[in-house]
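Heads up: the protein sequence lines correspond to chains U and A, in order.
Numbering of the first sequence is given in this note's numbering, commencing with residue 1 and proceeding in unit increments.
Numbering of the second sequence is given in this note's numbering, commencing with residue 436 and proceeding in unit increments.
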Amino acid sequence: MANLVIMPRQGQSVESCIITTWQKKKGDRVNEGDIIFSYETDKSAFDEPAQFSGVILHTFAEEGDVVDCLAPVCIIGEEGEDISSLLGGAAPAEEKKEEVKKEEAAPAGKAEPAPAPEATKVEGDRLRISPRAKNLALKTGVDLSAVTPTGPHGRIIERDVNAALDAGKTGTTAAVEDFLRGIVPEKKEEAEAPAAAPAAAAPSADVYAYEEVPMSNVRRVIAKSMHASLSEMAQLTLNASFDATRLLAYRKLLKEKGEEMGLSKVTINDMVLFAVGRILPNFPDINANLVDGKIRRFAHANVGCAVDTDRGLLVPVITCAEKKTLAEVSADAKRLAGGAREGKLSPDEMSGGSFTVTNLGSLGVESFTPVINPPQTAILGVCCTTNRLKADGTVYPAMGLSLTFDHRAVDGAPAAKFLKELCAALESFDLLLAK
Amino acid sequence: MPKSQYVDPGKVFQPGYAEFEKIPLCTYNKTIKDEKANYKKEDFLRIYHDMRTIREFETMLNEIKVKSEYRGVEYHNPGPAHLSIGQEASAVGQAYCLDINDFTFGSHRSHGEILAKGLSSINKLTEDELYAIMKEFLGGTILGVVEKNFKTDNVKELAKDFLLYGALAEIFARKTGFNRGLGGSMHAFFIPFGIFPNNAIVGGSAPIALGAALYKRSNGKPGIVVANSGDGALGRGPVLESLNFAAMDQITKLWGMDGKYSNGGMPILFNVFNNFYGMGGQTMGETMGFGNPARLAAGFSPTQLHAEKVNGYDPLAVIEATTRKRDLLLRGEGPALLEVATYRVSGHSPSDASTYRTAEEIEAWREACPIKAYREKLVKARVATNAEFDAIDEAIIERMVEVIKLAINDEVSPRMDLAAEPDMISSIMYSNNHVKSMDESRKPEVLIPKEESPRVKQIAGKSRYAFDADGKPVPKMKVFGLRDGLFEAIIDKFYEDPTTIAYGEDNRDWGGAFAVYRGLTEALPYHRFFNAPISESAIVGSAVGYAMAGGRAIVELMYADFIGCAGDEIFNQLSKWQSMSAGILKMPVVLRVSVGSKYGAQHSQDWTALTAHIPGLKVCFPATPYDAKGLMNQALNGTDPVVFFESQRIYDVGEQFHEGGVPTDYYEVDFGDPDVKKTGSDVTILSIGAVLYRALDAAKILEEKYGVSAEIIDARSIVPFNYEKVIESVKKTGRIIIVGDAVDRNSVMRDMASNIAEMAFDYLDAPPVVFGSRNWITPAFELEKFYFPQAEGIVDVISEKLLPLPGRVPTYNETELEHIERSKKGV
């Protein structure tokens, strides 16, 4: 029986990998454990060993191609096997965040019929929709993601909106506005129905079909910034953990009793942000930016707070965190995270950070290597809590912290000192509050 | 050639010689003593006064131009000043013998002529007449200014102030000028004194003056017309066309042949002020070959246009010659040509460094100054003393200082305030009047009652609707066609307005190349309806002059392609005189042009864009008999210049849209009002001209093959144009294609598309698209379907750019890529 080999997901933040080398070719026989292909993420390189023995019957990508995590890479089976179900049923990686126009059909020649409508709407970042169709969409609240454009240049025209309305595809006016602004909702099951048609029924040509998803602007900015970060800095990461017993107890207290004071929604991350805000002023080279060979030490702790959004990672900034109460920090973090997700933040609210906190703990990450947000000099990764044994045999919740710093600006010892002081502060969080 | 004249092969080849008579050159040789019999002392002195006034006026202008100061008065004048210092005797001599029924037309260098004719008129009119004229002119505005500021009880003196002030304020672009400052130096005039417009286009006045003479000739009006030009203008086609037109045989041989109506030649004097230079080019010895302009006249007619040359430095010689010409014109022996040899001591303009002539030459002419010479002769002949002349000089200078002070006073002589009254110029671009008859006092001169016209009788038997009672098409021969609609409107006007006149190439006898005028020959005398020479400039230019003088003209250029031959007359003259005169002049002219078919590259062009581009013209292009008659009625009842496009494809088309067919009674179709010819819901087709019928075919294909419902709007007129109906339609359909037979690039269609995109953007489901002809020459008839928009092409463009039609297999390549490629190549 033939099996699909999929692109593994190497870490939560990795969405796609590049196939660097095919170690085996289509038609080659592989044994379990043989390396089939090598690939890499933006951070690491990996080899993918075969988990089945057999012959490589089909490959979905070539060297240099970017393949979404969990998307099929090749099929291993026995020669002569019917693999059509695997070809057609190749499920797309995860949910699709953007609907993308397929490569445009060649312009109709003189004697070719008008091209059949394509179920696509967006070319690049630009949604093509006529003013009239737009007005109708806003008036009726049609579900624009369910509209099939039939106008010239893949433009949505009035009749397309009417067709969707006739099919009952309605949503809210707000959703139309979002869509027109480029905020594309996750595709609903219903809307995807045609794509989920049985694989066997799909024409064979579709086996080779692919979608090119251009990078969104946010994605491009992240790519540029992260690449610059890793290529230009001397980054290294220190890992440490602390006993989170009192921190968690205090959080529990807030959750149970903090309702009246409006503190019931304070998160672990808020508490870390608060502690970071209090400790940072003691470490001017960490609460700093390195710009053009000069270290810019900040008078205040302007703590960036990494937020995962539909469009990618955004880092709004909590200003003057050193002076803010826990309640204030928590409120700021909530407001900024919400704003980031809705795309309503001003560029000002996302710049000027002196330090960044990123949290993958809630996703079960025990330890990681955060990448510094240039031109900052350090970033703190908040990891999950694991149970550890004390020397006396008691179990305590240990929360991991991963501090990446730029060795150009800071040496190992002061960085370790910062981490140690932060751990101590968090360990005695209730005392820190009193400071 | 009319049937009454026989081209006899037996005579055509007879041997012999064409004979010419001697042309007199400066034969005047009277002395002051001789002339004392003809002039009183005051006459002699008045001639001096008028010359001296012109000299001072232009000296003042020159000082202002070059020094920004005249006798202590400082002013900067950025406008033009083409001076005629040295030519005063020529102007004053001519004006001396003209009265206000004699019209003068001038050039860019005509300040002197205006003042001379004005001063002469002031002398000839009674005080009451003068005062009434001044009071009526522009609501008494100018009179108000001069009465308030020049304290005098003497109406004639006041009138001189009025004349100098009105002219100078006009030159300085003041609202209190003769034309509210809109004409300026090169276009100043004053109709009540018979001073008609001067012209900034060299030779531009010749055909216009011809038209004014035609008005006098065809309507039996008194007086003559003087077409003043420089010698440089004799190189211009329109001038030569006008000389030929004025001298054409029919005026004396055919007009009035029935003895019923007035006889005689064209009452026009082509007066050439020969100052030897056309700007810097020397006409004698360099840029022309005729030597004396007078010689040129000999070729136009056996009368040699009674040409002679006169000494323009001697006012009395000019008076003597001009008087003789005027007399013979009044006797019906025109036209005439007079060369007045003179000299421009001043440069072409103040910026002219006179690099083309020597200082000695200028000095010699300055020494020969006509004013000085005349004064010396009068002193010598004891007509007056130097002291008397000095007193005249002083009074003139004193008056001139007062006039300029007043003319530059921003409070007394403000400019148009377009900030306060932004519509002031808009309001005079068209007169928008409805005038049934330009002369209610007369009955139209016709040969038979209208009902007896064979054409009227023939039309009576035609079906006025394209379909019979059963809905079947009526055969072409039996249906009232578009050409009948035009004819009905035109013949009605001929029987209503005595000034209405029609001419063009092959109009009479033939009935026009496309038979619109068939039946008019029997109904109208020659002087109202005649064949013009193949002289498009003279045809259109004379219509301009005919209208200026007070008549209504319908002129025809046969093919729209000939618009190029009458470029200046259409673009600079016909279009601009209403507004350049601040609304004083009216321009009731209908210029008929026909868009050809089957006739190739130079006879098939829809040039609506060229005419629509020029402010001041109204432009229409009807496609149905109902619209043709209605628009022609309104055009003929109006007082604005209309370029009336017709199409040779559809002269025989019957009325398919207006229920009940074309009314026999009078009705008008409003200019600017497009018409929905077919209602629809999915796409709007806006058509210009004859393409309407192909748009209808396209609508049929859309409906039957694709279930798409097209609304068709016929533009009918192009300028003015009301977009409201189109926008209403676009609001409904969301899509619009504009079609027409003009080449796509820079067409009216493109202009409309751009306007619609701006005005209806939010309602559009696709950008407005244009489908015109290719940017090629028009190919042969057999290939026209690749050039002019066809029904299938309209459907293709709709499918390609507006509303992709499922299963559509295009016939034409109208993709965007193709258009980019074509544009790269300029095709």
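Idealized CB from N, CA, C, for every residue including glycine.
*asked:* With H, G and I counted as helix, E and B as strand and the rest as coil, what does DSSP make of T386/U?
replied: strand
*If I'm right that D1108/A touches L1127/A with Cβ under 8 angstroms, what's the distance once you round it to whole angstroms?*
Incorrect: roughly 15 angstroms between the Cβ atoms, too far for contact.
*Express the C-alpha separation of W690/A and H962/A in angstroms, rounding to a whole number.*
6 angstroms
*Name the chain A residues whose beta carbon is nearer than 8 angstroms to that of R132/U?*
Against chain A, a Cβ distance below 8 angstroms from R132/U picks out G1169, D1197, Y1198, L1199 and D1200.
_Residues sharing a beta bridge with F1206/A, DSSP_ = V1174/A
*Cβ pair count under 8 angstroms reaching 3, the segment 262 to 276 of chain U against the segment 323 to 340 of chain U*: yes
*Would the beta-carbon of E779/A fall within 9 angstroms of that of G521/A?*
According to the sequence as given, residue 779/A is Arg; it is not Glu. Yes. Within cutoff.
*asked:* Among L180/U, I183/U, L136/U and Y208/U, whose alpha-carbon lies nearest the alpha-carbon of L165/U?
replied: L136/U
*Give the secondary structure of A472/A by DSSP, where H, G and I count as helix, E and B as strand, and everything else as coil.*
coil
*Out of E322/U, S402/U and M226/U, point me to the one whose CA is closest to N282/U's CA.*
E322/U
_Beta-carbon separation (whole angstroms), V276/U vs V303/U, contact threshold 8 angstroms_ = The Cβ separation is near 6 angstroms, so the contact holds.
*Relative to the alpha-carbon of M233/U, which residue among E78/U, D308/U and D406/U has its alpha-carbon at the smallest distance?*
D406/U
*asked:* Can you pull out the residues from the segment 149 to 168 of chain U whose beta carbon lies closer than 7 angstroms to at least one beta carbon of chain A?
replied: T150, G151, P152, I157 and E158
*A1072/A to V870/A, Cα distance in whole Å?*
Note that residue 1072/A corresponds to Asn in the displayed sequence, not to Ala. Taken atom to atom, the span from the alpha-carbon of N1072/A to that of V870/A is near 5 angstroms.
_Contact criterion: CB-CB distance below 9 angstroms. Does N289/U meet it with respect to chain A?_
no
_Using a Cβ-based criterion (distance less than 8 angstroms to any ligand heavy atom), does T404/U qualify as near the ligand ATP?_
As for the ligand ATP, it is missing from this structure, which has no ligand bound.
*Would you verify that the beta carbon of K1220/A is, or is not, closer than 9 angstroms to some beta carbon of chain U?*
Cβ-Cβ to chain U under 9 angstroms: no for K1220/A.
_For F964/A, the nearest candidate out of I643/A, L649/A, N497/A and H517/A (CA to CA)_ = L649/A
*Starting from the Cα of L1240/A, find the closest Cα among F1196/A, G1142/A and S1208/A and give me that residue.*
G1142/A
_Any chain A beta carbon closer than 9 angstroms to L426/U_ = No, because no Cβ of chain A sits closer than 9 angstroms to the Cβ of L426/U.
*Starting from the beta carbon of K1236/A, find every residue of chain U whose beta carbon is closer than 7 angstroms, and list them in chain order.*
Within chain U, the residues near K1236/A are P152.
*When we look at the beta-carbon of R251/U and count the other beta-carbons within 10 Å, is it buried (16 or more) or exposed?*
buried
*Return no unless some Cβ of chain A is closer than 9 angstroms to the Cβ of N373/U.*
no
*Spell out whether any CB of chain U is found under 9 angstroms from the CB atom of P1239/A.*
yes
_Within 9 angstroms of any Cβ in chain U, is that where the Cβ of E1256/A sits?_
no
*Step through the CB atoms of chain A and report whether any lies within less than 9 angstroms of the CB of E123/U.*
Legend: pLDDT at E123/U = 48, less than 50; position of this residue unreliable, value from coordinates given subsequently. With 9 angstroms as the cut-off, E123/U does not count as an interface residue toward chain A.
_Cβ separation of V979/A and V1028/A, assumed to be a contact under 8 angstroms, to the nearest whole Å_ = Rounded, the Cβ-Cβ distance is 16 angstroms, inconsistent with contact.
*Under three-state DSSP, which class holds H622/A?*
helix
*Rounded C-alpha distance that separates E470/A from Q685/A*: 40 angstroms
*Ends of the alpha helix (DSSP H) at I806/A?*
P805 to K815
*Can you grab the Cα-Cα spacing for the pair G618/A / K928/A, in whole Å?*
32 angstroms
*Which residues share a DSSP beta bridge with M350/U?*
In the DSSP output, where bridge partners are listed per residue, M350/U has none listed.
*asked:* Between N302/U and chain A, is the shortest Cβ-Cβ distance under 9 angstroms, so that the two count as touching?
replied: no
*Which whole runs of the beta strand (DSSP E) in the segment 1125 to 1187 of chain A are 3 residues long or more, in chain order?*
1145 to 1149, 1152 to 1154 and 1171 to 1178
*Exposed or buried, K744/A, counting other C-beta atoms within 10 Å across all chains shown (16 or more means buried)?*
buried
*Let me know if S861/A comes out buried or exposed under the rule of 16 or more other beta-carbons within 10 Å of its beta-carbon.*
exposed
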